[in-house]
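Chain order of the listed sequences is A and B.
When we follow this note's numbering, the leftmost residue of the first sequence carries the number 32, and every step to the right adds one.
When we follow this note's numbering, the leftmost residue of the second sequence carries the number 1335, and every step to the right adds one.
Ideal Cβ positions, reconstructed from N, Cα and C, are used throughout, including at glycine.
Being a predicted model, the structure only gives us computed values, none of them experimental.
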Amino acid sequence: MATIMDDRRPFPEDLILDVLLRLPVESLLRFKCVCKHWYALIKSPSFIEKHFHHKNNCARLLVCNLKVAYEGHVPVRSVVFSLFPKKIVPGVTPEQKTLLQLPRVSDFTCVAGPVDGLFLVQKKFYGDVRLGLWNPATREFRPLPPAPFDIEDFFSDHDHKFGLGFDLLTQDYKVVWIRVFWDEDGQGVYPCVFACVYSSCNNSWKNLTTEIPSSCTLSAPLDATYLNGVYYWLSRGLDEIYSIRSFDMGTEQFGEMQGPNIPSKHWGALTLRGGSLAMLAGDPGKPMTSIYDVWIMNQEEGSWSKVLTVQPRIDAHWPRNIWENDKMVFEINETSQLVLYDPVTTEVTDLGFQLDLSIAGCWVFNYKESLAPIKRGNESQGQDNAVEQIEHFFHMLPIDPQTSDDLD
Amino acid sequence: MSSEKLLTLKTRDGEEFVLEEAMAFRSLTIKNATSNYTINNTPLPINVEINTMIKVIEYWKKHSERGISEDELMNFDKKFFKLLHNSELFDLVVAVDYLADKGLSNAACEQVLDKITGKTPQEIRDIFNINNDCTPTSLGG
Chain A
32 MATIMDDRRP FPEDLILDVL LRLPVESLLR FKCVCKHWYA LIKSPSFIEK
82 HFHHKNNCAR LLVCNLKVAY EGHVPVRSVV FSLFPKKIVP GVTPEQKTLL
132 QLPRVSDFTC VAGPVDGLFL VQKKFYGDVR LGLWNPATRE FRPLPPAPFD
182 IEDFFSDHDH KFGLGFDLLT QDYKVVWIRV FWDEDGQGVY PCVFACVYSS
232 CNNSWKNLTT EIPSSCTLSA PLDATYLNGV YYWLSRGLDE IYSIRSFDMG
282 TEQFGEMQGP NIPSKHWGAL TLRGGSLAML AGDPGKPMTS IYDVWIMNQE
332 EGSWSKVLTV QPRIDAHWPR NIWENDKMVF EINETSQLVL YDPVTTEVTD
382 LGFQLDLSIA GCWVFNYKES LAPIKRGNES QGQDNAVEQI EHFFHMLPID
432 PQTSDDLD
Chain B
1335 MSSEKLLTLK TRDGEEFVLE EAMAFRSLTI KNATSNYTIN NTPLPINVEI
1385 NTMIKVIEYW KKHSERGISE DELMNFDKKF FKLLHNSELF DLVVAVDYLA
1435 DKGLSNAACE QVLDKITGKT PQEIRDIFNI NNDCTPTSLG G
């Protein structure tokens, strides 16, 4: 027991724990070396879990903004991850903190997450797609090895979806990857669905069999819809009816269940809200008259109930996510601004973003920092240079591109 | 005046004092102790020193005041904790933990939190009087 005070009683262990659990990740990383006992404590899985779920650790809005500009035929993407403060004052554009900035990158495609404070980033260069796991708080990054999709040449990539989650039994972070391939060249082979799962402990992929039909469309959720060992997607088959497909991180089995009773012509997206799986659905309709319903799933029963209805009286917009249970982030169509809408006060707060109207992407996440380790065992050795590693992972374009052919 | 029930407490260093039962019961420890204890005007012993207990009572008195506003309480808390030295704060935290008063415990913890956020590891060791038993190699991965 290293926490001793000279001639006074030792500072109680549970009080030390109480205090440490409320500290931000940055402080905890620094305090790991105070003494052996604190080191072991801060690294322990139970501390990491308690810290993540502590009421002090509030979910903050994190926006990933992707813009594209063309220099000749070279797409130059710029990516910025911005974090918002814990409290946003209505009507006041909040100050953002830049977590990561990649000003000139050619192959960044998308980001998924967060699960336990971890993000999955994706890069794509022609057919070659690679993933990386990132913890912004601990500044750890790990590129994932290539997945074993053994695909014939004539298949062209149509769609893919990821799920990131945690196998509660083996304490292993896993990534499930579903790829749908179309047969564009008309080889006569029907479209196929491939799936495989990555284990963080083994740092390797494994092929999976799946019954998911290629006619089924899975939608990417607003926030990674991982809950208690299962990942969920919103699914629509040829009949256009909404259902929920799932992947159990432990059993590595796919499943299907009923979704909420929503008209198929309505728009819908899955997200998390207050620790439950939620579906945001609605008839976007005309400006000022759009109505959105928020449905919550009871995970035990698999039943859905409508908990909230929001009718924002604002210009034509597109919903981006829910924050703090009832506030919504909208993208205003005409101006491409991101705003926060509070249905209780009906106040609209400009979040200070100008999104790219064209191809690019914008992701709005609910982010809670965590100490979750990506690397295991001896690999780590204090490598917290995520920015460097991320810049190495993606293809960063030089400021003065000599020739557009030079893309190795 | 009011016939408030009174309780006599005796600190670890032998000091006796009287407190209104209602106020003393902010401490779950005291509350539980008196339930299996026949009050015969024998002082109830508590494992806290008088200096620390004085601070606790000061806090309890203010937070029991009728009609006091949130703002006034906030200001009081600020001043109250500001005047404490590290060692006094820690003694308070330990005492309040023993006394089991959740409200004061939380407030005191937050103070400790404020004190240590942003500090270097060595400053932390100094505050908590911890020995540095870490060697660079013992912190591999």
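Does any CB atom of chain A fall closer than 8 angstroms to the CB of ASN1465 (chain B)?
Chain A contact via Cβ: present.
Pull up the distance between the alpha-carbon of ASP49 (chain A) and that of TRP335 (chain A), whole angstroms please.
36 angstroms
So what does PHE1351 (chain B) bridge to, in DSSP terms?
B:LEU1343
Out of A:SER109, A:LEU371, A:PRO252, A:ALA347, point me to the one whose CA is closest to MET310 (chain A)'s CA.
A:PRO252
Does the segment 299 to 310 of chain A come close enough to the segment 243 to 259 of chain A that 3 or more CB-CB pairs lie under 8 angstroms?
A contact exists between the segment 243 to 259 of chain A and the segment 299 to 310 of chain A.
Which one of B:ALA1358, B:ARG1346, B:GLY1348, B:ASN1466 has the shortest CA to CA distance from LEU1340 (chain B)?
Checking every option, the nearest Cα to that of LEU1340 (chain B) belongs to B:ALA1358.
Host beta strand (DSSP E) of TYR70 (chain A) (start-end)
Note, TYR70 (chain A): premise wrong, no beta strand (DSSP E); alpha helix (DSSP H) at 67 to 74.
Who are the Cβ neighbours of ARG351 (chain A) in its own chain at under 6 angstroms, not counting the five residues just before and after it?
Counting only Cβ-Cβ distances below 6 angstroms, and skipping sequence neighbours, we find VAL360, GLU362, VAL395.
Under three-state DSSP, which class holds VAL56 (chain A)?
helix
Give the range of the alpha helix (DSSP H) segment to which ILE47 (chain A) is assigned.
44 to 51
C-beta neighbour in chain A for ILE1458 (chain B), strict 8 angstroms:
yes
Return the chain-ordered list of same chain residues with a C-beta closer than 8 angstroms to the C-beta of LEU1407 (chain B), the five sequence neighbours on each side being excluded.
LYS1396, HIS1397, listed in sequence order.
From this set, A:PRO125, A:LYS74, A:GLU171, A:VAL123, which residue's C-alpha is nearest GLY422 (chain A)'s C-alpha?
Correcting the residue identity first, residue 422 (chain A) is Glu in this sequence and not Gly. It is A:GLU171 whose Cα lies nearest to the Cα of GLU422 (chain A).
By the three-class DSSP mapping on this structure, what secondary structure does ALA1441 (chain B) have?
helix
To the nearest angstrom, how far is it from the Cα of PHE1410 (chain B) to the Cα of LYS1449 (chain B)?
18 angstroms
If we count Cβ pairs, one from each stretch, closer than 8 angstroms, do we get three or more for the segment 1346 to 1356 of chain B versus the segment 1380 to 1388 of chain B?
yes
Would you check if there are 3 or more beta carbon pairs closer than 8 angstroms linking the segment 226 to 239 of chain A to the segment 286 to 293 of chain A?
no
Own chain, CB closer than 6 angstroms to ASP1425 (chain B), minus 5 neighbours either side, in chain order
THR1386
Between which residues of its own chain and PHE425 (chain A) is the CB-CB distance below 7 angstroms, once the five residues before and five after are set aside?
LEU133, VAL136, ASP138, PHE139, LYS154
Got a sec? Which residues, its chain only, sit under 8 angstroms from LYS117 (chain A) by beta carbon, not counting five neighbours each side?
Only CYS89, ARG91 meet the Cβ criterion.
Taking CB distances under 8 angstroms as the criterion, tell me whether PRO1455 (chain B) reaches chain A.
yes
When you compare the CB of PRO318 (chain A) with every CB in chain B, is at least one pair closer than 8 angstroms?
Interface flag for PRO318 (chain A) against chain B is unset, since no Cβ pair is found closer than 8 angstroms.
Verify whether the separation of the beta carbon atoms of ASP279 (chain A) and GLY260 (chain A) is less than 8 angstroms.
yes
Whole angstroms are fine: how far does the CA of CYS66 (chain A) sit from the CA of ASN1466 (chain B)?
5 angstroms
Taking the DSSP output, what are the residues bridged to PHE278 (chain A)?
A:TYR262, A:PHE285
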